Amino acid sequence: MITLFIPWYEYFEFLSLLMAIIYYTDIKKLNLLPFIPLLLIVCLTELAAAKLVSIGIPTYTIYNYYLILTTPFYFYIFYNILNYNGLGRYVFLTICLLIFIFILINFFYLQGNSRFNTFSLIMIEFIKAIMALLTLLKLFDGEDTIKIYNHPFFWISAGTLIFSLCSIVILGLQQLIEIKKVQIDGKNIYRILQPIIIAILYTSYCYAFYLCRKLVRK
Amino acid sequence: MQKISQEIAVIIISIVILLIIISVVVLLLTVYYDNTKKRLLKEKRVLKTMYEQALLQTKNEIQEQTLTNVSREIHDNITQVLSFVKLNLAMTGSLSETEKAQKVDESRKLVAQAISDLRDLSKSMSFEHIVKLGLAATIQIEADRINKSGVVNADFEVEGDTYPLGDQRELVLFRIFQEALNNTLKHSGAKLLKINLRYSEQIFILTIADDGAGFLNNGLQNDGSGLKNMQSRATLIGAVLTINSEPGKGCCIKITIDRLLQQIYANANYPNSAR
Chain A
22 MITLFIPWYE
32 YFEFLSLLMA
42 IIYYTDIKKL
52 NLLPFIPLLL
62 IVCLTELAAA
72 KLVSIGIPTY
82 TIYNYYLILT
92 TPFYFYIFYN
102 ILNYNGLGRY
112 VFLTICLLIF
122 IFILINFFYL
132 QGNSRFNTFS
142 LIMIEFIKAI
152 MALLTLLKLF
162 DGEDTIKIYN
172 HPFFWISAGT
182 LIFSLCSIVI
192 LGLQQLIEIK
202 KVQIDGKNIY
212 RILQPIIIAI
222 LYTSYCYAFY
232 LCRKLVRK
Chain B
8 MQKISQEIAV
18 IIISIVILLI
28 IISVVVLLLT
38 VYYDNTKKRL
48 LKEKRVLKTM
58 YEQALLQTKN
68 EIQEQTLTNV
78 SREIHDNITQ
88 VLSFVKLNLA
98 MTGSLSETEK
108 AQKVDESRKL
118 VAQAISDLRD
128 LSKSMSFEHI
138 VKLGLAATIQ
148 IEADRINKSG
158 VVNADFEVEG
168 DTYPLGDQRE
178 LVLFRIFQEA
188 LNNTLKHSGA
198 KLLKINLRYS
208 EQIFILTIAD
218 DGAGFLNNGL
228 QNDGSGLKNM
238 QSRATLIGAV
248 LTINSEPGKG
258 CCIKITIDRL
268 LQQIYANANY
278 PNSAR
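Chains as they are written, first to last, in the numbering used here: chain A, 22 to 239; chain B, 8 to 282.
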C-alpha cells in the first residue's frame, strides 16, 4: 500500500480553501468568488501531484494543466478587483487573451507537455505581479477611508506579488535546477524555497478572506 | 561541479530573499504613504466642515443683523411716517377744501417716502443680495443707510477697479464689516466713519476707521468676543486683520488679502470659495 505524503505547506492551501468556503457570502459580495474554484483546482492538483510522486511518476504534466486551468481564474479575480472601465477594460482583456493564447501555443507546440512549461509560468507570474502592483496603485489612489492594510485586496496583492516575483526565479529556473542539481545539503533548492513562498501566499489569502467579512459587515 | 551548483544555489536564494525584501519594502511604503494620505484627507475634511460651519454661522448672523436693522427701520421710520399720515387723514374731515387738499398732498408725499423706505429695506443686506450685488455695492448701500439714519457720517470710498473675491469670501468680509460697524455704532460714539476698499492686482484691503473713543488694543487677549470673531473669520478666508486703536484716538480695522496667497489657499482647501 502506498502512503500519501502531504507536505506541510500544502495545509496552507487547504486552509485557504476552507476559509474561502466559510466566508463564501462575504467574498461573493466583493466579487472574489472565483477564488473557490481556483483554490479547489490548487488543492486537487497538489493532492494528485502528491499521489504521482508517491508512485514515482513525474508531475510536469499535471502542473502544465494546472497552469492552463488556473490562469483564467486569476485573470478573472484581478479583472474584478481592478474593475476597469472603457478602454482600460479592453486593454486588460486583450492582454489576458493574448497571454492565454500564448500559454496554449506553448503547451501544444513549443515546450509541449513532456516538460514543465517554464515560458508560460514566467509569463503568468510576470503579469500577475503587474496586476498586483496595479491593484496596490488602485487602492492607493482610491478615496476609500479604510486603511489600505485593512483591505482584503491589499493582502491578495501582497501575497501574489511576493509569490510571483519569487516564482519567476525559482520555477523559471526549474529546469536548470534539475539539470545542474542545484542543491543545499543534498536538498533540492526548489524544495527549500517554494514551500516558504506558498505559505506566504496562502496565509495572505486566508487573512484577505477574513478581512472580507470585516469589510462587508462594517 | 558540486561547488558550482552550490554557488548557483546561493545566488538563487539571494535573489529570492532580495525579491521578498523588495516586495515587503514596496508594501510597507504603500501602507505608509496611504496612511499619510488618509490622514491628510481626514484633516482636509475636518477643515472643510469647520469652514462650512463658520460660513453658515456667518450667514445666520448676517440674516439676524438684517432683521434687526429692518425691525429698527420699521419702528423708527416707517411706522412714524404712516402714523403721521393716519393723523393727517383723520383731521381732514373738519378742514376746508384748500386745507384738505394740502393735507392730502402732504400725506401723499409721506406715503411716497414710506414706499421709498420700504423699497430700500427690501434691498437690505441679505446674503443673496451680497452675492448678487458684490461687496462694494453692498457696503455702499449700508453706508447710505447709516448716513440716512444720521447717527454717524459714513464716508465710503473705492480705490481701483473692483473684482470679485469669491461669494463666500465676500460674505465673510461683509460680516466682518457689519461687526465692525456695530462696534462703532454701539460703543465708540464716533461722528465720522471712513470705509475704504482698495482693489489692486496683488492686494485687496478693506479699511474701517472711526474717530470714536477707541480702546486699548493689547493683542486681543483682553478684548471682547466680537473682535476675536472678526479675527477668526479673517483667518478663515486667509485674510490678515489688524486693529489699531488707542483710547481717545478712534479705531482703524484693516483686512488685507494677498490675492496670490489667497488663490493658493483657496485652491488647496476650499475649492468652492475659489474664484
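Each residue gets a CB set at the ideal place from its N, CA and C atoms; glycine is no exception. All values derive from a computational prediction rather than experimental measurement.
- By the beta-carbon neighbour count (other beta carbons within 10 angstroms, threshold 16), B/His-82 is exposed.
- Nearest CB-CB separation between B/Ile-29 and chain A: below the 9 Å threshold.
- Setting aside the 5 residues that flank it on each side, A/Asn-138 is surrounded in the same chain by Asn-85, Leu-88, Asn-127, Phe-128, Gln-132, each with a C-beta closer than 7 Å to its C-beta; the list follows chain order.
- A residue is called buried once 16 or more other Cβ atoms fall within 10 Å of its Cβ, and B/Ala-119, having fewer, is exposed.
- Any Cβ of chain A closer than 9 Å to the Cβ of B/Thr-214 would place that residue at the interface, and such an atom is absent.
- As the crow flies, the alpha-carbon of B/Ser-21 is around 12 Å from that of B/Ile-29.
- Fewer than three pairs of CB atoms, one per stretch, sit closer than 8 Å, so the region 65–84 of chain B makes no contact with the region 201–209 of chain A.
- At a C-beta separation below 8 Å, B/Asn-42 has these neighbours in chain A: Lys-168, Ile-169.
- Closer than 9 Å to the CB of B/Val-53 there is not a single CB belonging to chain A.
- About 10 Å separates the Cβ atoms of A/Leu-90 and A/Ile-83, ruling out a contact at the 8 Å cut-off.
- Looking at the DSSP output, B/Val-247 bridges to B/Thr-263.
- If you check the CB distance, A/Leu-65 and A/Pro-173 do not come in under 9 Å.
- If you check the CB distance, A/Trp-176 and A/Tyr-228 come in under 9 Å.
- Annotated as distal: B/Ile-260 and B/Ile-210, with beta-carbon spacing of 9 Å or more.
- For the pair A/Ile-120 and A/Met-144, the Cα-to-Cα distance works out to about 7 Å.
- For A/Ala-179, the nearest beta carbon of chain B is closer than 9 Å to its own beta carbon.
- Note: B/Cys-258 is bridge-paired with B/Asp-217, B/Ser-252 in the DSSP secondary-structure output.
- The residues Asn-127, Leu-131, Gln-132, in chain order, have a CB closer than 7 Å to that of A/Phe-140 in the same chain once the five nearest residues on each side in sequence are set aside.
- The closest CA to that of B/Leu-117, considering only B/Thr-145, B/Thr-86, B/Leu-204, is found on B/Thr-86.
- For A/Lys-208, the three-state secondary structure derived from DSSP is strand.
- If the five residues before and after A/Ser-37 are omitted, its C-beta is found closer than 6 Å to the C-beta atoms of Leu-60, Tyr-223, Tyr-226, Cys-227, all from its own chain and listed in chain order.
- The beta carbon of A/Cys-227 sits no closer than 9 Å to any beta carbon of chain B.
- A Cβ-Cβ distance of about 6 Å is found for the pair A/Leu-103 and A/Thr-156, placing them in contact under the 8 Å criterion.
- Taking C-alpha positions only, B/Ile-69 is separated from B/Val-88 by approximately 27 Å.
- Here the alpha carbon of A/Leu-236 sits roughly 18 Å from the alpha carbon of B/Val-38.
- Minimum Cα-Cα distance from B/Lys-45 among the listed residues A/Lys-168, A/Val-63, A/Pro-58 corresponds to A/Lys-168.
- If the five residues before and after B/Glu-253 are omitted, its C-beta is found closer than 6 Å to the C-beta atoms of Gly-221, all from its own chain and listed in chain order.
- In the three-state reduction of the DSSP assignment, B/Asp-168 falls in the coil class, being assigned neither a helical nor a strand state.
- Taking a beta-carbon distance threshold of 9 Å, A/Val-74 does not count as an interface residue toward chain B.
- If you draw a straight line from the Cα of B/Asn-84 to the Cα of B/Lys-155, it comes to about 11 Å.
- Within the same chain, Cβ atoms closer than 7 Å to the Cβ of B/Arg-182 are found at Thr-65, Glu-68, Ile-69, Arg-240, the five residues on either side in sequence being excluded.
- For A/Tyr-30, the closest of A/Val-63, A/Ile-42, A/Lys-50 by C-alpha to C-alpha distance is A/Val-63.
- If you draw a 10 Å sphere on the C-beta of B/Val-179, you find 16 or more other C-beta atoms in it, and that means buried.
- For B/Leu-204, the enclosing beta strand (DSSP E) covers residues 199–206.
- Put simply, the CB of A/Lys-201 is near chain B, with a gap under 9 Å to one of its CB atoms.
- Secondary structure note for B/Arg-126: its alpha helix (DSSP H) is the uninterrupted segment 104–129.
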